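K.L.:
Anchor point for the sequence shown: position 121 equals 120 in numbering that gives the first Met the number 0, and the numbering is continuous, going up by one each time.
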Amino acid sequence: MADRAFKGKIIAQGTEIAVLSQGRDDDFISLTDIARYKNLEFPSDVIQNWMRNRSTVEFIGLWERINNPNFNYLEFEVIDREAGRNAFVLTPRKWIESVNAIGMISKQGRYAVTFAHKDIAFKFASWISAEFELYIIKDYQRLKSDENSRISLDWNVKRILAKVNYRIHTDAVRDHLVPPELTARQKSFVYADEADLLNTALFGMTAAEWRTANSEKDGNMRDYATIEQLLVLANLENINALYISKRLPPRERVAELNRIARIQLAAIINSNGVKQLDELDERGS
0 MADRAFKGKI
10 IAQGTEIAVL
20 SQGRDDDFIS
30 LTDIARYKNL
40 EFPSDVIQNW
50 MRNRSTVEFI
60 GLWERINNPN
70 FNYLEFEVID
80 REAGRNAFVL
90 TPRKWIESVN
100 AIGMISKQGR
110 YAVTFAHKDI
120 AFKFASWISA
130 EFELYIIKDY
140 QRLKSDENSR
150 ISLDWNVKRI
160 LAKVNYRIHT
170 DAVRDHLVPP
180 ELTARQKSFV
190 YADEADLLNT
200 ALFGMTAAEW
210 RTANSEKDGN
220 MRDYATIEQL
230 LVLANLENIN
240 ALYISKRLPP
250 RERVAELNRI
260 ARIQLAAIIN
270 SNGVKQLDEL
280 DERGS
């Protein structure tokens, strides 16, 4: 579960149910917490009883066939033949290991817990109680709504910060570094070089270097910057505009901007204003 982050909790009829996020719509909900609604002391027994049913095996098997390109069909056939018999026993761990399942996560040990993709978790909840399932779905929708509000807030804050001193910086580049005889294409290279000077001072790499290291991600490095980093970037744009007007060479500017970036990041991270922004950001998590 190391690659999944804790997202929040659903509260259904007084029962708290943990939710993990893998990004986008791939949320995993705690089957263990759902099972506690029926048996507070032995929730794992409830999960195993559900998994013994032929209808359950057919459903989770179908889910894996649709979503899992590495699903082990041969092992599934063995389990499917045995499902529903009196001696048949199926645990989340056995299911995961036998068929290479991705729809469930099982953590063993003193605090054993099982999570399942929301599609499977809702199916499990409906087996326990249709009313309980409805409450879970309603509060899950609330959680998603809060998450979307947080994402919207985060996007707007970052968009505003990205624009704070952008014009001041580009005007300085235009007035002091771009000869009028250059073509539009040549001018774009000058602006890109100055943007990368700021990227190097703050992030320690150019935009091209970031794309090479993060080829699986959409957007650019500034899309993934923290609010603290964007605050410092806005300040660096203003300072770099001043250095450009004073004709300081790029090597001197990038070294000084890096020194300033490190000082400001350390100060801003502990500031009350940024903490308030972070608190707003966390309300949906």
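In this text, a Cβ means the ideal position worked out from N, Cα and C, and glycines have one as well. Everything numeric in this text was worked out from a predicted model, so none of it was measured.
With G7 and L142 assumed to form a contact (beta carbons below 8 Å), what rounded beta-carbon distance in angstroms separates them?
P.N.:
G7 to L142, Cβ: 5 Å. Contact.
K.L.:
In its own chain, which residues sit with a C-beta less than 8 Å from the C-beta of E236, not counting the 5 before and 5 after it?
P.N.:
Same-chain partners within the cutoff: V163, N164, Y165, I167, H168 and L197.
K.L.:
For I262, does the count of other Cβ atoms within 10 angstroms reach 16, so buried, or fall short, so exposed?
P.N.:
Under this definition I262 is an exposed residue.
K.L.:
Could you tell me which of I101, V112 and Y110 sits nearest to D118, measuring between CA atoms?
P.N.:
Minimum Cα distance to D118 is reached at I101.
K.L.:
Could you name the residues of the same chain whose beta carbon sits closer than 7 Å to that of S105, not counting the 5 residues immediately before and after it, in chain order?
P.N.:
Counting only Cβ-Cβ distances below 7 Å, and skipping sequence neighbours, we find P91, R92, I95 and T113.
K.L.:
Is R141 close to chain D? Criterion is C-beta to C-beta, closer than 7 Å.
P.N.:
The structure shown has no chain D; it contains just one protein chain.
K.L.:
With a cut-off of 8 Å on the beta carbons, I'd call I135 and A11 a contact; round off their distance for me.
P.N.:
With a Cβ gap of about 4 Å, I135 and A11 count as contacting.
K.L.:
Would you report the Cα separation of R173 and K245, rounded to the nearest angstrom?
P.N.:
Straight-line Cα distance between these residues: approximately 14 Å.
K.L.:
Please name the residue or residues paired with E215 in a DSSP beta bridge.
P.N.:
Per DSSP, none; premise fails for E215.
K.L.:
Do R53 and A82 have their beta-carbon atoms positioned less than 7 Å apart in this structure?
P.N.:
Yes, they are a contact pair.
K.L.:
Taking the CB atoms as reference points, tell me whether A200 and V253 lie closer together than 7 Å.
P.N.:
Contact flag set, yes.
K.L.:
Let me confirm a value: T211 is counted as buried when at least 16 other C-beta atoms fall within 10 Å, else exposed. Which label applies?
P.N.:
T211 comes out exposed.
K.L.:
Could you compute how far the alpha carbon of E57 sits from the alpha carbon of I78?
P.N.:
Each residue's alpha carbon lies about 10 Å from the other.
K.L.:
Using the C-alpha atoms, what's the distance from N147 back to Y190?
P.N.:
Each residue's Cα considered, the two are about 34 Å apart.
K.L.:
By DSSP's criteria, S15 is part of a beta bridge. Which residues make up the other side?
P.N.:
This sequence places Glu at residue 15; Ser is not what is there. Its beta-bridge partners are I10.
K.L.:
Among F202, E208 and D217, which has the Cα closest to the Cα of L264?
P.N.:
Of the listed residues, the one whose Cα sits closest to L264 is F202.
K.L.:
Span of the alpha helix (DSSP H) holding T169?
P.N.:
From DSSP, the alpha helix (DSSP H) with T169 extends over Y165 to H175.
K.L.:
Jot down the residue ranges of each uninterrupted alpha helix (DSSP H) in the region 112-149, minimum 4 residues, whole runs only, in chain order.
P.N.:
The region 112-149 contains these whole alpha helix (DSSP H) runs: 117-127.
K.L.:
Secondary structure at K106, three-state DSSP: helix, strand or coil?
P.N.:
If DSSP states are grouped into helix, strand and coil, K106 belongs with the strands.
K.L.:
Whose C-alpha, out of K186, V88 and N99, is nearest the C-alpha of P68?
P.N.:
Nearest option by C-alpha distance: N99.
K.L.:
Provide the residue span of the beta strand (DSSP E) that contains F27, from first to last.
P.N.:
Counting along the chain, the beta strand (DSSP E) containing F27 begins and ends at D26 to S29.
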